[in-house]
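Engineer: Have a look at the structure that comes next, please.
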Amino acid sequence: WERTHKKPYYYLEEEQRKNEKAKVRMVGLTIETRPDWAMEKQIDRMLKLGTTRVELGVQTVFNFIYERVKRGHTVEDTVKATQLLKDAGLKVNYHMMPGLPGSNFERDLKAFQIIFEDERFRPDMLKIYPTLVTKDTLLYRWYKEGKYRPYTTEEAVELLVEVYKMLPKWVRVMRIQRDIPVQLVEAGVKHSNLGQLVFNELIKRGIRPKEIRFREVGHQMQKFGVQPEIEHIKLLREDYEASEGHEIFLSFEDVKNDILIGFIRLRIPSEKAHRKEINCCPSAIVRELHVYGPLVPIGGKPKYEWQHRGYGRELLAEAERIAREEFEVKKMLVISGVGVREYYRKFGYRKDGPYVSKRLDKEGYANFVKSQEFDGHLST
1 WERTHKKPYY YLEEEQRKNE KAKVRMVGLT IETRPDWAME KQIDRMLKLG
51 TTRVELGVQT VFNFIYERVK RGHTVEDTVK ATQLLKDAGL KVNYHMMPGL
101 PGSNFERDLK AFQIIFEDER FRPDMLKIYP TLVTKDTLLY RWYKEGKYRP
151 YTTEEAVELL VEVYKMLPKW VRVMRIQRDI PVQLVEAGVK HSNLGQLVFN
201 ELIKRGIRPK EIRFREVGHQ MQKFGVQPEI EHIKLLREDY EASEGHEIFL
251 SFEDVKNDIL IGFIRLRIPS EKAHRKEINC CPSAIVRELH VYGPLVPIGG
301 KPKYEWQHRG YGRELLAEAE RIAREEFEVK KMLVISGVGV REYYRKFGYR
351 KDGPYVSKRL DKEGYANFVK SQEFDGHLST
């Protein structure tokens, strides 16, 4: 290897350390897996690799459908994986697949209702892939025999409009519809722009979803030409129970125009948290900090007036205050992309296994308050 490459070989840990101050930094790493392959052992390996988000192939919340499609895992696996991942500080994205054999419009709608009303689920994000029929599959044979019928485009749009109406403000729809070449799809939704069709229908019906993506400042500026009014930007809070822990969703929003500027996910873990960095003492963990808007390079100046605020710093400060004063937390952790660790060091955080952490006593808090302000666009 050394004879054919000029660049020397480094261990992963060394590459991660170098990336903390590199010109191009890794701000997050996502791994996709099955619910039954996201248990303690797998999660520990994910964290070692620098993972910050895990996407689970959940598809449905009904065991009889799992059995029919020979999925090979259970709803109970999904519940356990979700709890373990959140307690390890990871963001959780569910892949949902409406239209599976054994389901129908009402049952699919019920599945989405369950994952947000049932505290055992409540993912942070969604990808929604309506079932498609391709050749050389058992599903194709069932389709040809008249035993299975997938959603039409119109039916899928109607279902997803209803889903959007029930989404809470702390969830983000990351994607709708897989980008499979249309010539490979024998039956089902053949429009790769299904998400756009759903968006158009929402606007047509005067429905304004609460979910994150729809309200992001960038989308509002691009699609509606609306910018936040700085005098209407407020810090909001929403608490909810999830996976045996307590979640606090803090956000800066233009309350007049319903525009989301940025948010932070703070979790008080359950008693089942398996990581020693977390269960060693009363702890809380920031699972996500995201400030939206036009990209500001490191050391650059924001373009718009509403960006001159230090939203990331203020969100982190409020999360620390809540953890310390309301939950008597002694230690705050952040699951940070490798390239974002340097940002948190400015606020007194230090590397702690795969995380960064700091103590929340009076001295630690005083040092935090004196820290520098947020200096750009950031996602963890």
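Numbered as in the UniProt record's numbering, the sequence shown ends at 380 without a single skipped number.
By construction, the Cβ of each residue, glycine as well, lies at the ideal position given by its N, Cα and C atoms.
A quick note: this is a predicted structure, and the numbers were derived from the prediction, not measured.
#1: Measure from the alpha carbon of ILE230 to the alpha carbon of each residue in GLU247, GLU244, ASP258 and HIS219, then state which is nearest.
#2: Per DSSP, what are the beta-bridge partners of THR30 in this structure?
#3: Hey, which unbroken runs of the alpha helix (DSSP H) at 4 residues or more fall wholly within the region 62-93?
#4: Rounded to a whole number of angstroms, what is the C-alpha to C-alpha distance between PRO354 and ASP254?
#5: Using DSSP's beta-bridge definition, name the partner residues of MET332.
#6: Can you list the beta strand (DSSP E) stretches of 3 or more residues lying completely in the region 219-290, in chain order?
#7: Assess, as a yes-or-no matter, whether the region 178-195 is touched by the region 144-159 under the definition of 3 or more beta carbon pairs within less than 8 Å.
#8: Could you give the distance in angstroms between the alpha-carbon of ASP124 and the alpha-carbon of TYR148?
#9: So, for ASP36: in the same chain, excluding its five sequence neighbours on each side, which residues have a beta-carbon less than 6 Å away from its beta-carbon?
#10: Between which two residues does the alpha helix (DSSP H) holding ILE115 run?
#11: In the DSSP assignment, what are the bridge partners of MET96?
#12: Considering just the uninterrupted stretch of the alpha helix (DSSP H) at ILE176, what are its terminal residues?
#13: Can you list, in chain order, the residues of its chain with a C-beta nearer than 8 Å to that of VAL161? Leave out the 5 residues immediately preceding and following it.
#14: According to DSSP, GLU25 sits in a beta bridge with which residue or residues?
#15: Would you tell me roughly how many angstroms separate the C-alpha atoms of GLU373 and TYR311, rounded to the nearest one?
#16: Thinking just about the alpha-carbon of each residue, which of PHE62, LEU85 and VAL75 is nearest to the one in THR52?
#17: Start and end of the alpha helix (DSSP H) containing ARG213?
#18: According to DSSP, is VAL185 helix, strand or coil?
#19: Between the region 275-284 and the region 226-241, do three or more beta carbon pairs fall short of 8 Å?
#20: DSSP three-state call for ARG350: helix, strand or coil?
Structural biologist: Reading it off the structure:
#1: ASP258
#2: ARG53
#3: 63-68 and 75-87
#4: 34 Å
#5: ALA284 and LYS358
#6: 233-242, 245-254 and 259-268
#7: yes
#8: 32 Å
#9: HIS73 and ASP77
#10: 105-117
#11: GLN59 and ILE128
#12: Per DSSP, ILE176 belongs to no alpha helix (DSSP H); it is in the beta strand (DSSP E), 172-176.
#13: VAL198, GLU201, LEU202, ARG205 and ILE207
#14: It is worth fixing the name first, because residue 25 is Arg in this sequence and not Glu. Paired residue(s): none; ARG25 is not in a bridge.
#15: Confidence at GLU373 is low in this model, with a pLDDT of 40, below 50, so the placement of that residue should be treated as unreliable; the coordinate-derived value is given next. Computed Cα separation, rounded: 9 Å.
#16: LEU85
#17: 212-215
#18: coil
#19: no
#20: strand
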